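This report refers to the structure that appears directly beneath it.
Residue numbers (the working numbering): 103 to 161.
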């Protein structure tokens with residue numbers, strides 16, 4: 103009985119570690135979402151201004 107429990111231990115530990123790492127990645131993604139939205143809005147505004155400068159009639 104004790105030998106079978108010791109054999110299963112590494113697999114159980116790896117599943118727990120996988121679950122913790124996955125939960126941490128999902129949590130950091132959700133926490134960082136407002137920053138990503140602001141970053142994408144700033145990038146869109148930057149490209150719009152570059153396009154405006156390229157299209158201006160002044161050489």
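C-beta: ideal position from N, C-alpha, C; glycine also.
This one's a predicted model, so the numbers in the text were calculated from it and none came from an experiment.
In this structure, how does DSSP classify residue i when only helix, strand and coil are distinguished?
{"i": "residue 116", "result": "helix"}
{"i": "residue 129", "result": "helix"}
{"i": "residue 151", "result": "helix"}
{"i": "residue 136", "result": "helix"}
{"i": "residue 156", "result": "helix"}
Got a sec? Which residues, its chain only, sit under 7 Å from residue i by beta carbon, not counting five neighbours each side?
{"i": "residue 132", "result": "none"}
Leaving out the 5 sequence neighbours to the left and right, which residues in its chain are closer than 8 Å to residue i when beta-carbon positions are compared?
{"i": "residue 143", "result": "none"}
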